[in-house]
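2 protein chains.
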Amino acid sequence: MEKLISTRTIYKGKILDLYKDKVILPSGRESFREVVRHRGAVAVLPWINREVILVKQYRYAVDKYLWEIPAGLKEIGETPVQTAQRELVEETKYFPRKLEKLVEFYSTPGFSDEIIHIFIATELIEDTSKNADYDEFIEVESFSREKIEKMILQGKIEDAKTLVAINLAIAQNKLN
Amino acid sequence: MEKLISTRTIYKGKILDLYKDKVILPSGRESFREVVRHRGAVAVLPWINREVILVKQYRYAVDKYLWEIPAGLKEIGETPVQTAQRELVEETKYFPRKLEKLVEFYSTPGFSDEIIHIFIATELIEDTSKNADYDEFIEVESFSREKIEKMILQGKIEDAKTLVAINLAIAQNKLN
């Protein structure tokens, strides 16, 4: 455990806040912790016709296009299931009649409290009622399990939540 | 792609820097991106006597003790292999005679460029030459593959890099 002595708000932003906290370590020594506080995200592994649907989008922070499972930030008042349904429809035009919780985890607990909830979505039905976000530019494609395993070996899947979701689903025999 | 117009340095810290960048989206609209820049980390899945060694430590950002594979930040001038060797000895007192690259990925590309390199470490030999970091308080324990699979199902492994490493190693039949 580390005991908080004082906190300094460095920045309060749109998707994250940054704090510099002074703490006492178990050794008795004082230290600082830089902490990014974040409202959390939800990601969905969509499984249809024995294929996984992935989206490819530009990620400014890493200056690259990444293949990822559909995901988004929780809106205020939304449950994780509601965020999962909304994001899946927005990004893929499919509504999941079945959502099964796969796991939840901290993306990088060394400096952030961001938590990511992951669901497997099955029994998908088309839903074109909502227009895509005008400022989201994404490619949507579906891949067999074998193709994705090859992409992982080739280093073509570089996003943590996507690696967690796919490998956990494979390990639990959910992509058979 | 998004084109940078101007960048504002919010904070330059010990383990991370924060920038607020003004960009032009493909639609032509202007927007802001909050980006946490980070020097990257290395994590190691140590496999010995058909067990995985995990460490349990307090994570201030999430105010919890988490079970994780050994990991640490890259020191200046270190290669990922050197960081892996150093961190494994510091945290577990084992030196890996064999390190095999498993994957590298972005922990949370929606707001950070942090990259994590993961290795599987085998042929471990004891190395008690280095003292543990005075301010690191960790528990070290080894677990069978079956035990860890159960911990994952029970939600007891909550760290992204640890979930990536273990599930990828299982999916690739490296923990047999």
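Protein chains in written order, with my numbering: chain H, 452 to 627; chain V, 452 to 627.
Ideal placement from N, C-alpha and C gives every residue a C-beta, glycine not left out.
Determine the chain H residues that contact residue i at a beta-carbon separation under 8 Å, and present them in chain order.
i	result
residue 452 of chain V	509
residue 610 of chain V	556, 557, 560
residue 619 of chain V	603, 614, 618
residue 496 of chain V	Result: empty, since nearest Cβ-Cβ is about 13 Å, beyond 8 Å.
Does the beta carbon of residue i sit closer than 8 Å to a beta carbon anywhere in chain V?
i	result
residue 459 of chain H	no
residue 622 of chain H	yes
residue 563 of chain H	yes
residue 545 of chain H	no
residue 595 of chain H	no
residue 517 of chain H	yes
residue 615 of chain H	yes
residue 553 of chain H	no
residue 505 of chain H	no
residue 469 of chain H	yes
Who are the neighbours of residue i on chain V, taking C-beta pairs under 8 Å?
i	result
residue 486 of chain H	511, 512
residue 465 of chain H	483, 485
Roughly how many angstroms lie between the CA atoms of residue i and residue j, to the nearest whole one?
i	j	result
residue 580 of chain V	residue 491 of chain H	41 Å
residue 467 of chain V	residue 565 of chain V	9 Å
residue 561 of chain V	residue 587 of chain V	29 Å
residue 605 of chain V	residue 578 of chain H	34 Å
residue 617 of chain V	residue 479 of chain V	42 Å
residue 621 of chain V	residue 568 of chain V	18 Å
residue 601 of chain V	residue 454 of chain V	46 Å
residue 464 of chain V	residue 509 of chain V	21 Å
residue 626 of chain V	residue 498 of chain V	8 Å
residue 555 of chain H	residue 603 of chain V	10 Å
residue 551 of chain H	residue 517 of chain V	24 Å
residue 608 of chain H	residue 505 of chain V	25 Å
residue 532 of chain V	residue 462 of chain V	30 Å
Leaving out five residues before and five after residue i in sequence, what residues of the same chain have Cβ atoms less than 8 Å from its Cβ?
i	result
residue 549 of chain H	572, 573, 574
residue 481 of chain H	456, 473, 474, 475
residue 496 of chain V	503, 520, 553, 569, 570, 571, 572, 616, 617, 620
Can you tell me whether residue i sits near the ligand MG, meaning its C-beta is under 7 Å from at least one heavy atom of the ligand?
i	result
residue 506 of chain V	Questions concerning the ligand MG fall outside what the structure shown contains, since it holds no ligand whatsoever.
Just checking: is the beta-carbon of residue i within a distance shorter than 8 Å of some beta-carbon in chain H?
i	result
residue 477 of chain V	yes
residue 491 of chain V	no
residue 474 of chain V	yes
Between which two residues does the beta strand (DSSP E) harbouring residue i extend?
i	result
residue 460 of chain V	454-463
In terms of residues, what are the limits of the alpha helix (DSSP H) holding residue i?
i	result
residue 596 of chain V	596-604
residue 513 of chain H	First-last for residue 513 of chain H: undefined, no H or E at that position.
residue 560 of chain V	Where residue 560 of chain V is concerned, there is no enclosing alpha helix (DSSP H), given that its DSSP letter is neither H nor E.
At 7 Å on the CB atoms, spell out the chain V contacts of residue i, in chain order.
i	result
residue 588 of chain H	477
Beta-carbon within less than 7 Å of residue i's beta-carbon, same chain only, minus the 5 sequence neighbours each way: which residues are those?
i	result
residue 538 of chain H	493, 495, 521, 522, 523
residue 611 of chain H	558
Since residue i meets chain H, which of its residues come closer than 7 Å, beta carbon to beta carbon?
i	result
residue 539 of chain V	In chain order: nothing, as chain H lies at least about 17 Å away.
Within the same chain, show all residues whose beta-carbon is closer than 6 Å to that of residue i, passing over the 5 residues directly before and after it, in chain order.
i	result
residue 469 of chain V	461, 462, 487
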